Amino acid sequence: MSTVAPPPDPEADPRVKAVFDDIRATRKSDFINNMWLWLAFDPDLLERTWAEVKTVMAMPSPLDPLMKEMLYIAVSVTNGCGYCIHSHTAAAKVKGMTDAEHADLMRVISLAAKTNQLAMALQVPVDTVFDASGETKASERPA
Numbered sequence: 001m002s003t004v005a006p007p008p009d010p011e012a013d014p015r016v017k018a019v020f021d022d023i024r025a026t027r028k029s030d031f032i033n034n035m036w037l038w039l040a041f042d043p044d045l046l047e048r049t050w051a052e053v054k055t056v057m058a059m060p061s062p063l064d065p066l067m068k069e070m071l072y073i074a075v076s077v078t079n080g081c082g083y084c085i086h087s088h089t090a091a092a093k094v095k096g097m098t099d100a101e102h103a104d105l106m107r108v109i110s111l112a113a114k115t116n117q118l119a120m121a122l123q124v125p126v127d128t129v130f131d132a133s134g135e136t137k138a139s140e141r142p143a
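Sequential numbering from 1 applies to the sequence shown in the UniProt record's numbering.
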């Protein structure tokens, strides 16, 4: 159950309408998904969140758009956010993620979760070769 209700006519607020128009233009779609509709209860929060999402997810960067979506899926799985898992899986598929890539992503996520838990449970110390501040010999550096 939601903790807030979306405004009945969110675009009556000019700030919300401006954000929604930018979402439509950026995504080249008329669809405004529930995340943005619910964030419209607070125009300031909506504006700030959209600005950050647009900058990180929609602007060119060293990571390609599909990789960004796949990373978002992985973090969403880790954080247990069903909404984000669904929305970013859909976005990744639109950006070309194949069923095989999705399956491989699930394998990586589950393996990372398992080995993270083992490393935490065993309190495995970090190897100096992995510690940026540690001095290492060339023979100790990972390939």
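Just so you know, even glycine gets a beta-carbon here, dropped at the ideal spot from N, CA and C. Note that this is a predicted model, so its numbers are computed, not measured.
Backbone secondary structure at residue i - three-state DSSP
| i | result |
| --- | --- |
| Ser133 | coil |
| Asp44 | helix |
| Pro62 | coil |
| Val19 | helix |
| Ile73 | helix |
| Thr3 | coil |
| Val126 | coil |
| Ser29 | coil |
| Pro14 | helix |
| Lys93 | helix |
Cβ-heavy atom distance, residue i to the ligand NAD, below 8 Å
| i | result |
| --- | --- |
| Gly96 | With respect to the ligand NAD, the structure shown offers nothing to examine, as it has no ligands at all. |
Outcome for residue i when other beta-carbon atoms lying within 10 angstroms are tallied against a minimum of 16
| i | result |
| --- | --- |
| Gly105 | Correcting the residue identity first, residue 105 is Leu in this sequence and not Gly. The residue in question, Leu105, is buried, as its Cβ has 16 or more Cβ neighbours within 10 Å. |
| Ala112 | exposed |
| Pro10 | buried |
| Ala90 | exposed |
| Ala92 | buried |
Close-in-space but distant-in-sequence residues of the same chain around residue i (CB under 7 Å, 5 per side omitted)
| i | result |
| --- | --- |
| residue 224 | The question about residue 224 has no answer here: the residues shown for the chain are numbered 1 through 143. |
| Pro6 | Leu37, Trp38, Ala40, Phe41 |
| Thr26 | Lys54, Ala58 |
Boundaries of the alpha helix (DSSP H) in which residue i is found, first to last residue
| i | result |
| --- | --- |
| Asn116 | 99-122 |
| Cys81 | Note, Cys81: premise wrong, no alpha helix (DSSP H); not H, not E. |
| Met57 | No alpha helix (DSSP H) holds Met57; DSSP gives it neither H nor E. |
Residues of its chain near residue i, where Cβ-Cβ distance is below 8 Å and the 5 sequence neighbours each way are ignored
| i | result |
| --- | --- |
| Ile32 | Phe20, Ile23, Arg24 |
| Asn79 | none |
| Ser2 | Trp38 |
* Asked: Below 8 Å, can you find three or more Cβ-Cβ pairs linking the stretch 10-20 to the stretch 28-46?
  -> yes
* **Any 3 or more C-beta pairs closer than 8 Å across the stretch 93-108 and the stretch 122-133** => no
* Counting Cβ pairs, one atom from each stretch, are 3 or more of them under 8 Å apart for the stretch 57-75 and the stretch 30-43? -> no
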